[in-house]
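These protein sequence lines map, in sequence, to chains F and X.
In terms of our numbering, the first sequence has 112 at position 112, counting the first letter as 1, and numbering is strictly consecutive.
In terms of our numbering, the second sequence has 21 at position 21, counting the first letter as 1, and numbering is strictly consecutive.
Where is the CB? At the ideal position from N, CA and C, for every residue including glycine.
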Amino acid sequence: MNLKAWSACLLGAASLLAATAAHAQSPLKIGFIATLSGPAGALGQDQYDAFMMVVEANGGKLGGVPVQILKEDDQLKPDVGVQILQKLIEREKVSLFTGFTFSNVLMAQSKPLADAGVFAIVSNAGPAPLAGAACNPNFYFTSWQNDMQSEGMGKYGTDQGYKKVYTLAPNYQAGKDAVAGFKRYYKGEIVDEVYTTLNQPDYSAEISQIAAKKPDAIYVFYPGGMGVNFIKQYKQAGLLGKIPLLSTSTADGSTLPALKETALGVVSGTFWGPDSTNPVSVKFVADFEKKFNRIPSQYAAQSYDAALLLDRAIAQVKGNIADKNAFRAAIRKADFKSLRGPFTFNNNGYPIENIFAFEVAKDAKGRVSLKTIAQPLTAHRDAYSDKCPIKP
Amino acid sequence: MSIELLIVQLLNGLQYGVLLFLLAAGLTLVFGIMNFVNLAHGSLYMMGAYFAAWAYNNPIFGIQGSFILAAIVGIGGSIILGIVVERLVLFTLYERDHLDQVLATFGLILVFNEVARFIWGPSSYYMEVPEKLSGSINLLGIDYPAYRFMIIGVGLLVALGMFLLIQKTRIGMLIRAGASNATMVGALGINIKLLNTLLFGLGTGLAGVAGLMAGPILSVQPGMGEPILIVTLVVIVTGGIGSIRGAFFAALIVGVIDTIGRVFLPILLTTMVEKSLAQAAGPATASMLIYLLMAVVLAFKPQGLFPVKHG
Chain F
1 MNLKAWSACL LGAASLLAAT AAHAQSPLKI GFIATLSGPA GALGQDQYDA
51 FMMVVEANGG KLGGVPVQIL KEDDQLKPDV GVQILQKLIE REKVSLFTGF
101 TFSNVLMAQS KPLADAGVFA IVSNAGPAPL AGAACNPNFY FTSWQNDMQS
151 EGMGKYGTDQ GYKKVYTLAP NYQAGKDAVA GFKRYYKGEI VDEVYTTLNQ
201 PDYSAEISQI AAKKPDAIYV FYPGGMGVNF IKQYKQAGLL GKIPLLSTST
251 ADGSTLPALK ETALGVVSGT FWGPDSTNPV SVKFVADFEK KFNRIPSQYA
301 AQSYDAALLL DRAIAQVKGN IADKNAFRAA IRKADFKSLR GPFTFNNNGY
351 PIENIFAFEV AKDAKGRVSL KTIAQPLTAH RDAYSDKCPI KP
Chain X
1 MSIELLIVQL LNGLQYGVLL FLLAAGLTLV FGIMNFVNLA HGSLYMMGAY
51 FAAWAYNNPI FGIQGSFILA AIVGIGGSII LGIVVERLVL FTLYERDHLD
101 QVLATFGLIL VFNEVARFIW GPSSYYMEVP EKLSGSINLL GIDYPAYRFM
151 IIGVGLLVAL GMFLLIQKTR IGMLIRAGAS NATMVGALGI NIKLLNTLLF
201 GLGTGLAGVA GLMAGPILSV QPGMGEPILI VTLVVIVTGG IGSIRGAFFA
251 ALIVGVIDTI GRVFLPILLT TMVEKSLAQA AGPATASMLI YLLMAVVLAF
301 KPQGLFPVKH G
């Protein structure tokens, strides 16, 4: 072999090596689809920030594999959500998705997701159909099924011995589901069940009715701006502090920055609060506050768990998520350290988790935050899992 | 149903009505007198609320949390913004047909919403009720927020002021004359261009007052102007386009009907049909009431309740 041929061989080998190295470096694509604009954009932003915090802390890797996060905004529009999902599946060949903020958008996306056989780690939306008959072995949730939080509030109302409760929610599916969940675990009398027009800004008429009925407590489900309006007006009517206000998705990380002291005393039900003493949670809250200078919301916490779950699962399959059975088994095992402590998936891919009651109160630094006051439900399973044909 | 509760609900309706009047007065002036469809009126209401809330939350000359200052910045800001928008964009559209005006002002809605989102973020912005009015007044055994009394008071004062301005002053006379025959007013040597700008500024100033009043009770957020704009359009059509008196009475009627309907219709329905059906149909039917009212009024009085006489 002469020198020229030898060097050509060497060059070829080197370039091949470089090519394989480049191949190994080509990052794993993860589609992040959430609601990032509009009045509800704060939710998706918290999901994104918390997810990226894990990715950045690991040097752009999850499970030791470099990842590329393709961030897309569904604008809270089901048609836009489906469009960007299809774009990512077809053009970018993405087979792993996370985010998902609103149930109605996720419901529209569930069919294309299922048809493509891709994985979805949902970190907020929790519609009932996907927990029951339409459950999917590739869908996993690090949040909750929508009813679980209001079930917690219903149990809390029963535990507190409230005899008469008045409920209010917007007149749409999620509002009705929330009240149904509340009623499932509340054993007292429902004085009245009021449904208001979606996005109604003024509740003076409804609040006057409450004042006249004098119930022991009220339960409301008013996400986003509706919650800000309702709580402000409830306080101005002089009822906050007089008639306890139980809520879900109303006084949370997305509305408390606007409400501040006005919301003090409101009770809210969910799975986690920033005062949790779990070491993973303590680290998460400290890191998040340091980086973003605000208290993380439950939406950030859910997404942080999604990133931790993926970190472990991707490591277990060494980045080869194309082996779907192995990757699915790794996710289902969920042997990551969650900020809510032990974490197990139900047969339908929703978590089995504790639901706490929180009161809006000032934290050690004098900021308005959520303080744990009770744990109405322990290792709680959603009401639909027995309709899901998947066996654990 | 007790009489006390009915009175409180009437007050709620009245409060909603005067808020609508503040918006409708400006819109009906511009629509009726300048023959200009301004869909961006709701956005000026939103900007008024943002300006006021901003002035409330940030120190200006070392003063923070002053409602008076918030009022000056909120109302002043929306007047200036209104005049700037009128001079830069809208005056070129006066001669165009209504479709062009609708398209252009709809575009302005999108622009204002994005500007608000860009400056103040997508989440709700906060403004507190002034300290002295944060309590509630006990009225016949039911607590009623003091601040809402103030809204009613301010609304009625503005209505009185508008009446005096339109009926008793020279400007008012010119406005009325402009409504009847703008060309003739121009021919008599009146600067109709200046008059239009003043009128537009007055309208946006009133929208600013409405935004200021709404700031402490509603969440200030992008897009807050659109739902109320639709109701405002119902008000001015019902009341008769161009008529301040019509806007006043129609606003009160719409406010009271909407509030009373929202509360009592579901209760009324439960006595007639099954409870779950009534709970679903009640709010849906109640939100249609004001449109039904408009349809009925237009069927019998196509020019509205208080038509303006032209020519």
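(message) Strictly by DSSP, which residues pair up with His380/F?
(response) Taking the first sequence and counting its residues from 1, one reaches residue 380/F at position 380. Glu353/F, per the DSSP bridge assignment.
(message) Can you give me the C-alpha to C-alpha distance between Leu23/X and Ser26/F, rounded to a whole angstrom?
(response) Locating residue 23/X in the second sequence gives position 23, counting from the first residue. Locating residue 26/F in the first sequence gives position 26, counting from the first residue. Distance from the CA atom of Leu23/X to the CA atom of Ser26/F, rounded to whole angstroms, is 58 Å.
(request) Note down the Cα distance separating Ala57/F from Asn348/F, rounded to an integer number of angstroms. (result) Within the first sequence, residue 57/F is the residue found at index 57, counting from 1. Within the first sequence, residue 348/F is the residue found at index 348, counting from 1. Ala57/F and Asn348/F have their C-alpha atoms spaced approximately 31 Å apart.
(request) Give the interface partners of Gly15/X over in chain F, defined as CB-CB distance under 8 Å, in chain order. (result) To locate residue 15/X, count along the second sequence from 1; it is residue 15. Per the sequence shown, the amino acid found at residue 15/X is Gln instead of Gly. At a C-beta separation below 8 Å, Gln15/X has these neighbours in chain F: Ser204.
(request) Compare the C-beta of Tyr166/F against all C-beta atoms of chain X and say whether one is closer than 8 Å. (result) Sequence index remark: in the first sequence, residue 166/F carries index 166 (1-based). No, Tyr166/F does not count as interfacial toward chain X.
(message) For Gln167/X and Ala299/X, I'd like the C-alpha separation in whole angstroms.
(response) Within the second sequence, the letter at position 167 stands for residue 167/X. Within the second sequence, the letter at position 299 stands for residue 299/X. Taking the straight line from one Cα to the other gives about 30 Å.
(request) Return the residues of the stretch 199–223 of chain F that lie within a Cβ-Cβ distance of less than 9 Å from chain X, sorted by chain order. (result) With the criterion set as a beta carbon lying under 9 Å from some beta carbon of chain X, the members of the stretch 199–223 of chain F are Asn199, Gln200, Pro201, Asp202, Ser204, Ala205, Glu206, Ile207, Ser208, Gln209, Ala211, Ala212, in sequence order.
(message) Quick check on the DSSP output: the alpha helix (DSSP H) that includes Val129/X runs from which residue to which?
(response) Against the second sequence, residue 129/X aligns to sequence position 129. In the DSSP assignment, Val129/X falls outside any alpha helix (DSSP H) and carries neither an H nor an E.
(request) Check the Cβ of Thr271/X against every Cβ in chain F and list those closer than 7 Å, keeping chain order. (result) Taking the first residue of the second sequence as position 1, residue 271/X is located at position 271. Going along chain F, no residue has its Cβ under 7 Å from Thr271/X, so there is no contact; the nearest lies around 14 Å.
(request) Would you decide whether His98/X is buried or exposed? Buried here means 16 or more other CB atoms lie within 10 Å of its CB. (result) As a first step, residue 98/X must be located in the second sequence, where it is residue number 98. Exposed, because fewer than 16 other Cβ atoms sit within 10 Å of the Cβ of His98/X.
(message) If I measure Cβ to Cβ from Ala18/F and keep anything under 7 Å in the same chain, skipping five residues before and after, which residues do I get?
(response) Within the first sequence, numbered from 1, the residue matching residue 18/F stands at position 18. Since pLDDT at Ala18/F reaches only 49, below the 50 mark, its modelled position is unreliable, and the value read off the structure follows with that caveat. Taking Ala18/F as the centre and dropping the five residues before and after it, the same chain places no C-beta closer than 7 Å to its C-beta.
(message) For Met213/X, tell me which candidate among Pro59/X, Gly74/X, Glu4/X has the shortest Cα-Cα distance.
(response) Sequence index remark: in the second sequence, residue 213/X carries index 213 (1-based). Selected option, being the one with the closest Cα: Gly74/X.
(message) Using beta carbons (cut-off 8 Å, strictly below), is Ile244/X in contact with chain F?
(response) By one-based count along the second sequence, residue 244/X stands at place 244. The Cβ of Ile244/X sits no closer than 8 Å to any Cβ of chain F.
(request) Return the chain-ordered list of same chain residues with a C-beta closer than 8 Å to the C-beta of Gly38/F, the five sequence neighbours on each side being excluded. (result) Indexing the first sequence from 1 puts residue 38/F at position 38. Apart from sequence neighbours up to five positions away, the residues of its chain that approach Gly38/F with a beta-carbon distance below 8 Å are Gln75, Leu76, ordered along the chain.
(request) My understanding is that Asp177/F touches Asn146/F, with C-beta atoms under 8 Å, so please give their C-beta distance in whole angstroms. (result) Position 177 of the first sequence, counted from the first residue, corresponds to residue 177/F. Position 146 of the first sequence, counted from the first residue, corresponds to residue 146/F. Asn146/F and Asp177/F do touch by the CB rule: their CB atoms are close to 5 Å apart, below 8 Å.
(request) Whole angstroms is fine: what's the gap from Phe21/X's alpha carbon to Tyr291/X's? (result) Sequence index remark: in the second sequence, residue 21/X carries index 21 (1-based). Sequence index remark: in the second sequence, residue 291/X carries index 291 (1-based). Computed Cα separation, rounded: 17 Å.
(message) To the nearest angstrom, how far is the alpha carbon of Pro130/X from that of Phe149/X?
(response) In the second sequence, residue 130/X corresponds to position 130, counting from 1. In the second sequence, residue 149/X corresponds to position 149, counting from 1. Between Pro130/X and Phe149/X, the C-alpha separation is close to 13 Å.
(message) Helix, strand or coil for Thr98/F? Go by DSSP, reduced to three states.
(response) Along the first sequence, one-based indexing puts residue 98/F at 98. In this structure, Thr98/F counts as strand in the three-state DSSP scheme.
(message) Tell me the residue span of the alpha helix (DSSP H) that contains Tyr113/X.
(response) Along the second sequence, one-based indexing puts residue 113/X at 113. A small correction: the amino acid at residue 113/X is Asn; Tyr does not occupy that position in the sequence shown. Counting along the chain, Asn113/X sits inside the alpha helix (DSSP H) bounded by residues 98–120.
(message) Here's the rule: buried if 16 or more other CB atoms are within 10 angstroms of the residue's CB, otherwise exposed. What is Ile210/F?
(response) Position 210 of the first sequence, counted from the start, is the residue given in the question as residue 210/F. By the 10 Å Cβ count, Ile210/F comes out buried.
(request) For Ala55/X, decide whether its Cβ has a neighbour in chain C, counting only Cβ atoms nearer than 8 Å. (result) The displayed structure is made up of protein chains F and X, and chain C is not among them.
(message) Check for me: the alpha helix (DSSP H) holding Val194/F runs from which residue to which?
(response) Here the question's residue 194/F lines up with position 194 in the first sequence. For Val194/F, no alpha helix (DSSP H) run applies; the uninterrupted beta strand (DSSP E) run containing it begins and ends at 189–196, by DSSP.
(message) Assuming the contact rule is C-beta atoms closer than 8 Å, Ser78/X and Gly211/X should be a hit. Round their C-beta distance to whole Å, please.
(response) One-based indexing of the second sequence puts residue 78/X at position 78. One-based indexing of the second sequence puts residue 211/X at position 211. Contact holds; Cβ gap of about 7 Å.
(message) If we define contact as Cβ-Cβ less than 8 Å, is Ala18/F a contact residue for chain X?
(response) By 1-based counting over the first sequence, the position of residue 18/F is 18. Low per-residue confidence applies at Ala18/F: pLDDT is 49, beneath 50, and the placement is therefore not dependable, though the value from the model is reported in the following sentence. False, the Cβ-Cβ gap to chain X never drops below 8 Å.
(message) If we define contact as Cβ-Cβ less than 8 Å, is Pro257/F a contact residue for chain X?
(response) As a first step, residue 257/F must be located in the first sequence, where it is residue number 257. Closer than 8 Å to some Cβ of chain X, the Cβ of Pro257/F qualifies, so yes.
(message) Please state the DSSP three-state secondary structure of Asn293/F.
(response) Translated into the one-based positions of the first sequence, residue 293/F becomes position 293. Assigned with DSSP and collapsed to three states, Asn293/F falls in coil, not helix or strand.
(request) Could you check the C-alpha separation between Ala133/F and Ile190/F for me, to the nearest Å? (result) As a first step, residue 133/F is located in the first sequence; it is residue number 133 there, counting from the start. As a first step, residue 190/F is located in the first sequence; it is residue number 190 there, counting from the start. Approximately 30 Å, taken between the alpha carbons.
(request) For Gln233/F, return the contacting residues in chain X, with the cut-off set at a CB-CB distance below 7 Å. (result) In the first sequence, the residue the question calls residue 233/F occupies position 233. Simply Ile217.
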